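Heads up: the sequence lines are chains A and B, in that order. Mapping of the first sequence onto the working numbering: residues 1 to 287, in sequence order. Mapping of the second sequence onto the working numbering: residues 1 to 287, in sequence order. Ideal placement from N, C-alpha and C gives every residue a C-beta, glycine not left out. Predicted model only: the values in this text are computed from it and were never measured. This report refers to the structure that appears directly beneath it.
Protein chains: 2
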Amino acid sequence: MINKLTLIGVGLIGGSLVRALRHAQWVKEVVGVGRHVANLELAKGLGVIDDYKTDPAEAVAGADVVVLAVPLGAMKNIMQEIAPHLSEKTILTDVGSAKGSVVADAQAVFAGRIEDFVPGHPIAGTEKSGVEASFAELFQQRRVILTPHETTSATALGVVREMWQVCGAEVIEMSVAHHDEVLAATSHLPHMLAYALVDTLARMEDRRDIFDYAASGFRDFTRIASSDPQMWHDITMANQSALVEVMKRFRTDLEQMITAIEKGDSQFVKQTFERAKKARDAFCDGK
Amino acid sequence: MINKLTLIGVGLIGGSLVRALRHAQWVKEVVGVGRHVANLELAKGLGVIDDYKTDPAEAVAGADVVVLAVPLGAMKNIMQEIAPHLSEKTILTDVGSAKGSVVADAQAVFAGRIEDFVPGHPIAGTEKSGVEASFAELFQQRRVILTPHETTSATALGVVREMWQVCGAEVIEMSVAHHDEVLAATSHLPHMLAYALVDTLARMEDRRDIFDYAASGFRDFTRIASSDPQMWHDITMANQSALVEVMKRFRTDLEQMITAIEKGDSQFVKQTFERAKKARDAFCDGK
Chain A
1 MINKLTLIGV
11 GLIGGSLVRA
21 LRHAQWVKEV
31 VGVGRHVANL
41 ELAKGLGVID
51 DYKTDPAEAV
61 AGADVVVLAV
71 PLGAMKNIMQ
81 EIAPHLSEKT
91 ILTDVGSAKG
101 SVVADAQAVF
111 AGRIEDFVPG
121 HPIAGTEKSG
131 VEASFAELFQ
141 QRRVILTPHE
151 TTSATALGVV
161 REMWQVCGAE
171 VIEMSVAHHD
181 EVLAATSHLP
191 HMLAYALVDT
201 LARMEDRRDI
211 FDYAASGFRD
221 FTRIASSDPQ
231 MWHDITMANQ
241 SALVEVMKRF
251 RTDLEQMITA
261 IEKGDSQFVK
271 QTFERAKKAR
281 DAFCDGK
Chain B
1 MINKLTLIGV
11 GLIGGSLVRA
21 LRHAQWVKEV
31 VGVGRHVANL
41 ELAKGLGVID
51 DYKTDPAEAV
61 AGADVVVLAV
71 PLGAMKNIMQ
81 EIAPHLSEKT
91 ILTDVGSAKG
101 SVVADAQAVF
111 AGRIEDFVPG
121 HPIAGTEKSG
131 VEASFAELFQ
141 QRRVILTPHE
151 TTSATALGVV
161 REMWQVCGAE
171 VIEMSVAHHD
181 EVLAATSHLP
191 HMLAYALVDT
201 LARMEDRRDI
211 FDYAASGFRD
221 FTRIASSDPQ
231 MWHDITMANQ
241 SALVEVMKRF
251 RTDLEQMITA
261 IEKGDSQFVK
271 QTFERAKKAR
281 DAFCDGK
């Protein structure tokens, strides 16, 4: 249990985290920080945070743990704002969906105390956003990836690990580069495809008919295209290099499929579908 | 109400259709036809069909309505098998996901009585297949597209329309070409992307990690890649030209997105995501 947690960015992920921590009685006081007072008031009204500050410097004073839950594009600025005001004991972590950019930001800003920063990423979320969509159970039986450096303090790592475990999550460690490659493939690429597909269709002449006759498979397939555009812009830019690599790999495979369909290459098409079905059934366990 | 319906192909769609028709007491007797006796026995045991035949010629004798619910690649053969044995009164329809190929098959085989054939396509289904997955409510509040020709008999059209309406579906008419374009965009293209994505990832070196860390969004996005490969092979080949056209359109848009991400063109990326979110939220109504 800790005394004070400062949550910078009170949205779906941050809100769900502190709801779970309060429920587990792991934290005494949660102070929220954000740009919009109305959202902070809402969070306070919902009982997600005890109090709030609009000045991050003021909010981090005396905090045991500071959680950075802002969009990736806002990380560096917020780090710069809080860095001079951190207590010596404070442990820092984040929930960003790409880790390379956050670690680079942290190394630039927290140079003197980078050992207290534990980069983290909970593999959870919905296409909804905002503290009003947050719920304490979001991380139950979900995975949280931590990407500590060899110089990361064992104490800091232990506290952040415990923080997620009390939320019901399974905590895993991997390297920054591996995290960013895996997430580019399983999360960032599918989002690109969903956004690109919906946008392609929306710009077609008969778009009204197209969406009118879409079946439930289409709803499932494109659900992630309803995700927050600003957040996904930031993730895209933060994980640019790993994402572009896997997008190009996909483009090559798509080219081959188009050629096979054009040529009427039944065998190629059927084998591709069979391999894919087998892989998905095996890994996703029929869900 | 009709006396006898012959269902050729007793799977998810055909099975759900006759379940609904029996529930609505629209049909007295349902005879199933298939290649596998075990499946027909299962269907009979489940009460989906009253009886079955393995010889299609025998099964269609005296039928009021014959429903072709076989994969698209099997349509022409089955049409040729039944054509010489059809009663004069028999109305023919199908449930194929592409209409151009089925209409071409029907024109070639049923030349003398093409006015009795009403091409149809229920916009419903799940990634599951087989009669054991069928249920009577599958078509409730779903759309069924009929693509009659100007020479189609008004009686036949009326009966097929009523058949779907008693299942709770909304029946719509459109041209064969328009159907195939719309379905290529909303159904066939998403399936190609889902199959291609899962296959791309499954062939990556760290595929185990990749699937292990996939979140729920990935499951939703790739669910359609668990669909029956043979069926989707047939749809792909049957709707080749409309599908290739929309795949190329998508490929061009994907190329532009890759270039924009590589160049760090924030504005392009954010505007694309915003347009897509707006379109999906508007057309899919938050579901």
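Based on the DSSP secondary-structure assignment, which residues constitute the bridge partners of residue i?
i                       : result
arginine 143 of chain B : B:Ile123, B:Glu170
threonine 6 of chain A  : A:Val31, A:Val66
threonine 93 of chain A : A:Val67, A:Val118
Counting C-beta neighbours from all protein chains within 10 Å, is the total for residue i 16 or more, i.e. buried, or is it exposed?
i                            : result
alanine 111 of chain A       : exposed
lysine 277 of chain A        : buried
serine 87 of chain B         : exposed
valine 148 of chain B        : It is worth fixing the name first, because residue 148 of chain B is proline in this sequence and not valine. Label assigned to proline 148 of chain B: buried.
lysine 28 of chain B         : exposed
valine 182 of chain B        : buried
phenylalanine 250 of chain B : buried
lysine 99 of chain B         : buried
asparagine 318 of chain A    : Because chain A spans 1 through 287 in this model, residue 318 of chain A falls outside it and cannot be assessed.
glycine 47 of chain A        : exposed
glutamine 25 of chain A      : exposed
lysine 4 of chain B          : buried
serine 175 of chain A        : exposed
asparagine 240 of chain B    : It is glutamine, not asparagine, that sits at residue 240 of chain B in the sequence shown. Classification of glutamine 240 of chain B: buried, given that the 10 Å Cβ count is 16 or more.
aspartate 220 of chain A     : buried
valine 131 of chain A        : buried
arginine 203 of chain A      : exposed
What does residue i touch in chain B if you count any residue whose Cβ is under 8 Å from its own?
i                         : result
threonine 186 of chain A  : Leu201, Ile210, Phe211, Tyr213, Ala214, Ala215, Phe218
methionine 237 of chain A : Ile261, Gly264, Ser266, Val269
histidine 233 of chain A  : Ser266, Val269, Lys270, Phe273
glutamine 240 of chain A  : Ile261, Glu262, Gly264
In chain A, which residues lie with their C-beta within 8 Å of the C-beta of residue i?
i                      : result
valine 176 of chain B  : What valine 176 of chain B touches in chain A: nothing, since even the nearest Cβ is about 14 Å away.
proline 119 of chain B : Going along chain A, no residue has its Cβ under 8 Å from proline 119 of chain B, so there is no contact; the nearest lies around 15 Å.
lysine 248 of chain B  : Ile258
lysine 182 of chain B  : Here residue 182 of chain B is valine; the residue named in the question, lysine, does not match the sequence. Correct list: Asp206, Asp209, Ile210, Tyr213.
Between the Cα of residue i and those of the options, spot the shortest distance and give me the residue it belongs to.
i                         : options                                : result
tryptophan 164 of chain A : A:Val246, A:Glu181, A:Val95            : A:Val95
proline 229 of chain A    : B:Met231, B:Val246, B:Gln271           : B:Gln271
histidine 233 of chain B  : B:Val27, B:Met204, B:His191            : B:His191
aspartate 55 of chain B   : B:Lys99, B:Pro71, B:Glu29, B:His85     : B:His85
methionine 257 of chain B : A:Val246, A:Gln256, A:Ala260, A:Thr259 : A:Val246
glutamate 127 of chain A  : A:Ser187, A:Arg208, A:Ile78, A:His179  : A:Ser187
valine 31 of chain B      : B:Leu21, B:Ser129, B:Cys167, B:Asp50   : B:Asp50
isoleucine 145 of chain B : B:Ala202, B:Phe139, B:Val171, B:Leu138 : B:Val171
valine 118 of chain A     : A:Ala104, A:Gly125, A:Pro71, A:Arg208  : A:Ala104
valine 198 of chain A     : B:Arg275, B:Thr252, B:Ala69, B:Ser101  : B:Arg275
threonine 152 of chain A  : A:Ala169, A:Ala133, A:Glu132, A:Ala106 : A:Ala106
arginine 113 of chain B   : B:Ile123, B:His121, B:Ala156, B:Gly73  : B:Ala156
glutamate 166 of chain A  : A:Ala108, A:Ala185, A:Phe139           : Reading off the sequence shown, one finds valine at residue 166 of chain A, where the question assumed glutamate. If we check each option's Cα against that of valine 166 of chain A, A:Phe139 comes out closest.
tyrosine 213 of chain B   : A:Leu201, A:Lys263, A:Phe283           : A:Phe283
glycine 11 of chain A     : A:Ile224, A:Val67, A:Ala215, A:Arg208  : A:Val67
serine 266 of chain A     : B:Val65, B:Gly168, B:Ala238            : B:Ala238
arginine 207 of chain A   : B:Ala185, B:Arg208, B:Asp209, B:Tyr52  : B:Ala185
histidine 121 of chain A  : A:His36, A:His23, A:Val160, A:Lys89    : A:Val160
glycine 34 of chain A     : A:Gly45, A:Ala20, A:Ser216, A:Thr6     : A:Thr6
aspartate 64 of chain A   : A:Glu137, A:Ile2, A:Ala57              : A:Ile2
Starting from residue i, find everything on chain A with Cβ-Cβ shorter than 9 Å and list it in chain order.
i                       : result
arginine 143 of chain B : Asp212, Tyr213, Ala215
leucine 189 of chain B  : Leu197, Thr200, Leu201
May I ask which residues mark the beginning and end of the alpha helix (DSSP H) holding residue i?
i                         : result
leucine 157 of chain A    : 154–165
tyrosine 195 of chain A   : 189–202
threonine 252 of chain B  : 240–263
glutamate 41 of chain B   : 37–45
alanine 279 of chain B    : 266–284
isoleucine 224 of chain B : That residue, isoleucine 224 of chain B, is in no alpha helix (DSSP H); it is neither H nor E in DSSP.
aspartate 228 of chain A  : Note, aspartate 228 of chain A: premise wrong, no alpha helix (DSSP H); not H, not E.
arginine 207 of chain B   : 207–212
Anything in chain A within Cβ reach of residue i, meaning under 7 Å, just list it in chain order.
i                            : result
phenylalanine 135 of chain B : Near phenylalanine 135 of chain B there are no residues of chain A at all, since even the closest Cβ is about 14 Å away, more than 7 Å.
valine 198 of chain B        : Ala276, Ala279, Arg280
glutamine 25 of chain B      : Going along chain A, no residue has its Cβ under 7 Å from glutamine 25 of chain B, so there is no contact; the nearest lies around 28 Å.
cysteine 167 of chain B      : Simply none; closest approach about 15 Å.
Along the chain, where does the beta strand (DSSP E) containing residue i start, and where does it finish?
i                           : result
phenylalanine 51 of chain A : Going by the sequence as given, residue 51 of chain A is aspartate instead of phenylalanine. First-last of the beta strand (DSSP E) with aspartate 51 of chain A: 51–53.
Using the beta-carbon of each residue, which ones in chain B are nearer than 7 Å to residue i?
i                        : result
serine 226 of chain A    : Lys277, Arg280, Asp281
alanine 194 of chain A   : Phe221
methionine 75 of chain A : Residues of chain B passing the Cβ test: none, with the nearest at roughly 16 Å.
aspartate 253 of chain A : Ala196, Asp199, Thr200
proline 288 of chain A   : Not covered by the structure: residue 288 of chain A. The range shown for chain A is 1 to 287.
Which bits of chain B does residue i rub up against, with CB to CB less than 9 Å?
i                      : result
glycine 125 of chain A : Ala215, Ser216, Gly217
valine 244 of chain A  : Ile258, Ile261, Glu262
Strictly below 7 Å CB to CB, what residues from chain C border residue i?
i                         : result
methionine 204 of chain B : No chain C is present in this structure, whose protein chains are A and B.
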